[in-house]
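Working notes, beginning with the structure itself.
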Amino acid sequence: MRRSYIHILLYLALIVGVDLLTHALGKSYYLTQLTMSFYYSMVVLGLVLLMGYAGQISLGHAGFFAIGGYSTAVLSTINLMPYKEKPIIRLLESMGFLLMREDLYGARILSFNPWIGVITAVVLAGVVAYLIGIPVLKLKGHYLAMATLGFGIIVYRVVLGTPVFGEADGISDVPGFQIFPGLSINGEMDTKRMNYYIASAIVLVLLYLLMNLINSRVGRALRAIHGSEDAAEAVGIDTAGYKLRVFVLSAVIAAFAGALLTHFNGGIGPGESSVMKSVRYVAIVAAGGMASLWGGLATSMVLNFLSLRGYFGSYDDAVFGAVLILIMLFAPEGIIKIGRRQ
Amino acid sequence: MLRVRNIEAGYGKVKVLRRVSLHVSPGEIVTIIGANGAGKTTLLKSIAGLLRTWSGEIRFRDKDITNGAPESIVALGCVLVPEGRQVFSTMTVRENLELGATVRYKREPKEAIQDDLNRVFELFPRLKERQGQLAGTLSGGEQQMLAIGRALMSGAELIMMDEPSMGLAPVIVKEIFRIISELRKQGKTILLVEQNAKAALSISDRGYVIETGRIVLQEPAEALLENRDVQRAYLGRDLDAEVEI
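Residue numbers (my numbering), protein chains in the order written: chain A, 1 to 342; chain B, 343 to 587.
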């Protein structure tokens with residue numbers, strides 16, 4: 001445990017250091033891509049738990065990310081003004097579920113409070129993951145990879161073909177997400193630094209929670225399942241139950257990340273749900289060492305940042321595919337091993 | 343304590359067990375002997391809930407556990423030491439043992455589990471010495487002890503063991519059987535599946551002989567040891583040769 005506290009201190013120092021450095025170099029626009037990378041890294045952290053500890057591969061986490069992003073995007077941009085006088089809308093408004101704002105052109109829009117959007121995002125993804133997981137995770141082997149691959153493709157096609165989701169254009173003009181007065185996730189220029197710190201803090205909290213989970217009985221049970229599913233069953237571990245809970249948890253984290261990034265970016269497009277995005281997450285987890293939260297985070301931050309800054313050009317997806325192949329060929333244990341037990 | 347009635351089970355379309363019945367009373371050591379592929383492992387897996395039975399009934403302590411969830415069968419007090427030991431090789435000895443108590447953490451105080459851990463360490467001093475070591479680095483005999491210790495940690499009264507002597511040196515095999523007798527003295531009931539029929543029967547009360555998925559013989563252990571057919575088939579005594587001499 002001591003070691004992980006040192007890691008946390010290093011993490012904090014690095015966060016502040018990078019902020020000061022980019023500021024000093026006059027490149028504070030890097031913070032935008034770093035903030036986005038933090039949100040993508042949340043998906044990676046959830047997947048580390050699923051892949052590295054429960055030994056299950058999901059090729060559909062971009063789908064959960066998109067479910068999260070699109071849920072909150074739809075709810076926080078839908079205009080309820082025409083129905084303002086309906087009793088149900090009045091009730092919702094009086095309960096604080098709705099929010100009035102002005103759009104770019106000064107028109108008044110009444111839509112759901114982003115809090116409602118984010119909560120819906122998380123719950124919806126959890127329910128979907130649960131429904132997929134129940135039948136699939138009772139089977140041993142890599143059936144989850146196949147089922148989630150299909151799921152990811154379905155989400156992509158649905159998003160691409162449904163007017164509510166903006167089809168190929170996606171949804172834009174998504175308002176910021178005010179967590180507390182004065183603390184808000186949005187893409188405004190003057191809150192760039194604040195958003196960088198908010199995102200890094202959320203990732204830190206997530207890391208802390210996941211580390212506690214891994215070092216608990218649950219984490220031990222998960223490693224046992226990864227070691228030998230038959231033996232785990234024989235000693236009385238509810239293997240299907242544990243796998244299901246971890247799968248749902250990782251899906252919920254992905255949806256939460258998707259919702260937050262959508263508020264930060266002010267919109268979401270169908271590209272977020274593409275299967276190549278899912279492959280990208282899997283590649284990052286593999287490169288980070290499968291069962292290492294810190295390794296996964298570091299790899300994710302670096303690769304996502306480079307990708308978002310456009311260093312990979314039009315080879316973006318190919319780079320992540322290549323990473324996956326190279327890792328599997330030459331370093332199936334991952335390239336980064338810090339923070340790894342034994 | 344355990345009563346199996348007319349169960350049938352198999353893999354895919356292949357039926358392995360054909361109307362198998364047996365019972366185990368509290369405090370007994372019961373051995374099932376039989377050739378490779380006779381269905382011994384299949385039988386234990388069916389009882390443990392790791393394999394679905396096609397028909398028949400399994401009752402443990404007067405509760406129907408047929409096709410129950412493995413974790414609830416362990417929680418009731420019936421645990422399997424699987425064939426080939428199956429320890430969690432990338433985890434420490436201690437973690438392996440603690441995992442054995444998975445079903446107890448919710449309903450029992452930590453102290454009770456700690457007590458059992460000490461008792462397992464008493465029974466297997468080697469495991470205590472090596473508690474921080476990865477299970478994969480243990481010798482075969484130590485791994486078998488760990489697998490048994492892990493099963494004991496569940497607090498179960500009925501311990502089913504699948505080929506505990508497999509692949510072990512004769513001196514270790516002797517030690518394992520000594521421990522099994524010791525467990526009975528401590529009040530455990532044991533259902534044993536063994537190819538090493540002679541050693542197993544010599545510590546058992548009763549034995550069953552299983553052939554191609556059927557129980558063909560059920561007798562007290564001494565009687566089975568004396569039985570000429572059993573001697574010929576499973577105890578490695580070449581009677582015809584003896585007669586010729």
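Glycine included, every Cβ here is placed at the ideal spot set by N, Cα and C.
Taking residue i as part of the alpha helix (DSSP H), name the residues at either end of that continuous run.
{"i": "Asn79 of chain A", "result": "Here Asn79 of chain A belongs to no alpha helix (DSSP H), and DSSP marks it neither H nor E."}
{"i": "Asp317 of chain A", "result": "Asp316 to Phe330"}
{"i": "Val429 of chain B", "result": "Run containing Val429 of chain B: none; DSSP gives neither H nor E here."}
{"i": "Leu249 of chain A", "result": "Thr239 to Asn265"}
{"i": "Ile557 of chain B", "result": "That residue, Ile557 of chain B, is in no alpha helix (DSSP H); its beta strand (DSSP E) goes Arg556 to Pro562."}
{"i": "Val302 of chain A", "result": "Leu293 to Leu308"}
{"i": "Tyr197 of chain A", "result": "Lys192 to Ile214"}
{"i": "Phe519 of chain B", "result": "Pro512 to Lys527"}
{"i": "Ile88 of chain A", "result": "Pro87 to Ser94"}
{"i": "Val435 of chain B", "result": "Val435 to Gly442"}
{"i": "Arg468 of chain B", "result": "Pro467 to Glu471"}
{"i": "Leu418 of chain B", "result": "Pro412 to Leu418"}
{"i": "Lys84 of chain A", "result": "Looking at the DSSP string, Lys84 of chain A is not in any alpha helix (DSSP H), and its letter there is neither H nor E."}
{"i": "Leu543 of chain B", "result": "Ala539 to Ile545"}
For residue i, which of helix, strand or coil comes out of DSSP?
{"i": "Ala351 of chain B", "result": "strand"}
{"i": "Asp571 of chain B", "result": "helix"}
{"i": "Lys405 of chain B", "result": "strand"}
{"i": "Gly26 of chain A", "result": "coil"}
{"i": "Gln485 of chain B", "result": "helix"}
{"i": "Thr639 of chain B", "result": "For chain B, the structure presents residues 343 to 587; residue 639 of chain B sits outside this window and is missing."}
{"i": "Leu110 of chain A", "result": "strand"}
{"i": "Ser278 of chain A", "result": "helix"}
{"i": "Lys452 of chain B", "result": "helix"}
{"i": "Lys392 of chain B", "result": "Looking at the sequence provided, one finds Leu at residue 392 of chain B rather than Lys. Of the three classes helix, strand and coil, the one that applies to Leu392 of chain B here is coil, per DSSP."}
{"i": "Thr162 of chain A", "result": "coil"}
{"i": "Lys382 of chain B", "result": "helix"}
{"i": "Tyr550 of chain B", "result": "strand"}
{"i": "Asp173 of chain A", "result": "coil"}
{"i": "Glu505 of chain B", "result": "coil"}
{"i": "Leu494 of chain B", "result": "helix"}
{"i": "Ile179 of chain A", "result": "strand"}
{"i": "Ile400 of chain B", "result": "strand"}
Quick one: using the 10 Å Cβ neighbour count with 16 as the cut-off for buried, is residue i buried or exposed?
{"i": "Lys86 of chain A", "result": "exposed"}
{"i": "Ser367 of chain B", "result": "exposed"}
{"i": "Arg570 of chain B", "result": "exposed"}
{"i": "Leu25 of chain A", "result": "exposed"}
{"i": "His61 of chain A", "result": "buried"}
{"i": "Ser481 of chain B", "result": "exposed"}
{"i": "Ser216 of chain A", "result": "exposed"}
{"i": "Glu388 of chain B", "result": "Reading the sequence as shown, one finds Ser at residue 388 of chain B and not Glu. Buried, since its Cβ has 16 or more Cβ neighbours within 10 Å."}
{"i": "Tyr550 of chain B", "result": "buried"}
{"i": "His142 of chain A", "result": "exposed"}
{"i": "Met36 of chain A", "result": "buried"}
{"i": "Glu484 of chain B", "result": "buried"}
{"i": "His263 of chain A", "result": "buried"}
{"i": "Leu209 of chain A", "result": "exposed"}
Please check if any C-beta of chain B sits within less than 7 Å of the C-beta of residue i.
{"i": "Val218 of chain A", "result": "no"}
{"i": "Ala291 of chain A", "result": "no"}
{"i": "Ala286 of chain A", "result": "no"}
{"i": "Ala231 of chain A", "result": "yes"}
{"i": "Glu333 of chain A", "result": "no"}
Cβ closer than 8 Å: which chain A residues qualify as neighbours of residue i?
{"i": "Met433 of chain B", "result": "Arg220, Arg223, Ala224 and Gly227"}
{"i": "Leu422 of chain B", "result": "Ala234"}
{"i": "Ala411 of chain B", "result": "Asp238"}
Could you give the first and the last residue of the continuous beta strand (DSSP E) run that contains residue i?
{"i": "Arg343 of chain A", "result": "An answer regarding residue 343 of chain A cannot be provided, because it is not within the stretch 1 to 342 covered by chain A."}
{"i": "His142 of chain A", "result": "Taken as a continuous stretch (DSSP letters only), His142 of chain A belongs to no beta strand (DSSP E), as it is neither H nor E."}
{"i": "Asp230 of chain A", "result": "Premise fails: Asp230 of chain A lies in the alpha helix (DSSP H), Glu229 to Ala234, not in any beta strand (DSSP E)."}
{"i": "Glu536 of chain B", "result": "Thr531 to Glu536"}
{"i": "Ile185 of chain A", "result": "Leu183 to Ile185"}
Report yes or no: is there a C-beta of chain A within less than 7 Å of the C-beta of residue i?
{"i": "Gln428 of chain B", "result": "yes"}
{"i": "Arg403 of chain B", "result": "no"}
{"i": "Val416 of chain B", "result": "yes"}
{"i": "Pro506 of chain B", "result": "no"}
{"i": "Arg492 of chain B", "result": "yes"}
{"i": "Ser496 of chain B", "result": "yes"}
Give the residues of chain A in contact with residue i, contact being defined as C-beta atoms less than 9 Å apart.
{"i": "Gly442 of chain B", "result": "Val235 and Gly236"}
{"i": "Glu437 of chain B", "result": "Arg220, Arg223 and Ala224"}
{"i": "Ala390 of chain B", "result": "Glu233 and Ala234"}
Show which residues of chain A have a CB atom less than 7 Å away from the CB atom of residue i.
{"i": "Tyr447 of chain B", "result": "Arg217"}
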